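Quick note on numbering that gives the first Met the number 0: the sequence shown kicks off at 0 and runs consecutively.
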Amino acid sequence: MTAAALNKFYASIVKGKNEEEIKNAYARYFDISYDTSDHHDLYTKRVLFEFKFGKNLTSIRTRSQILAQTMYYVRRLKFGDHPDKPIPAYLCLADQDYAILTETINWKTFYDDTKNKYDWDLAPSSPDKQLVQDIADSVTAKNIHVFNVSDETDFKVFSEKLSGCLQSQLGLELEDKKIISENNFEEVFNYWNSIFGP
0 MTAAALNKFY
10 ASIVKGKNEE
20 EIKNAYARYF
30 DISYDTSDHH
40 DLYTKRVLFE
50 FKFGKNLTSI
60 RTRSQILAQT
70 MYYVRRLKFG
80 DHPDKPIPAY
90 LCLADQDYAI
100 LTETINWKTF
110 YDDTKNKYDW
120 DLAPSSPDKQ
130 LVQDIADSVT
140 AKNIHVFNVS
150 DETDFKVFSE
160 KLSGCLQSQL
170 GLELEDKKII
180 SENNFEEVFN
190 YWNSIFGP
């Protein structure tokens, strides 16, 4: 990215007054065409974004709360009725000061929830308290790298990694497979029938 583009990005996030303006600044800077349906902040096939305003992602409690919110979205993609939307291999949490980029598969034990430990009927913005606590207690959440967006060197590393994630052709080891169940069978059938049907 050029110095002018970087300066424009910094100016946009400094002037940003809410989550939506932060999202737009990132989308413009990284030239992201995106989908905000299904209540996702910004969905691409490779990266699922969650944007915030004025949150301190360096706080384990704050980032665990936001990660828990994204677990709801990933779970809906995996078990829900969106057969045409793959589960992105990466999650990006960002605000005007900090950003996190992590592989989705690192959080599989949480969003799979094979023991039905968490309440998935809650609103994602108010995730299950036990889910938040379990994420906060995890080594992955404690050791996750938080990029300082206002530090030019740190932002450059983040920018290169995110650009690579957005453009990558993923290996199978980073992808999680969608589950077909009685809850989404009809949608999955209709999707595949539209591709291979008569």
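Backbone N, C-alpha and C fix where the C-beta goes; we use that ideal spot for every residue, glycine too.
Bear in mind the structure is a predicted one, so any value in this text is a computation, not a measurement.
List the endpoints of the continuous beta strand (DSSP E) containing residue i.
i	result
T101	Y97 to E102
Run through the DSSP bridge pairs and tell me what residue i is partnered with.
i	result
V46	Y89
F146	A98
L205	With the chain running from 0 to 197 in the structure shown, residue 205 is simply not present.
Locate the alpha helix (DSSP H) running through residue i, then write down its first and last residues.
i	result
N6	A2 to K14
G163	E151 to Q166
N23	E18 to Y28
S58	S58 -> no alpha helix (DSSP H), and no H or E assigned at all.
Give the C-beta separation of residue i and residue j to the nearest angstrom, bearing in mind that I take them to be a contact with Cβ-Cβ under 8 Å.
i	j	result
A98	V46	About 12 Å separates the two Cβ atoms, so there is no contact after all.
D40	F52	About 11 Å; that fails the 8 Å criterion.
P87	K44	6 Å
Check whether the Cβ of residue i sits closer than 7 Å to any heavy atom of the ligand SAH, and report yes or no.
i	result
W106	Ligands are entirely absent from the displayed structure, and the ligand SAH is therefore not among its contents.
Suppose contacts are defined by Cβ-Cβ distances below 8 Å. Is residue i in contact with residue j by that definition?
i	j	result
A26	F8	no
I21	Q95	yes
S11	Q68	no
D136	F146	no
L90	T103	yes
Y28	A4	yes
Taking one C-beta from the stretch 114-130 and one from the stretch 54-61 each time, how about it: are there three or more such pairs within less than 8 Å?
-> The stretch 114-130 makes no contact with the stretch 54-61; the number of CB pairs closer than 8 Å stays below 3.
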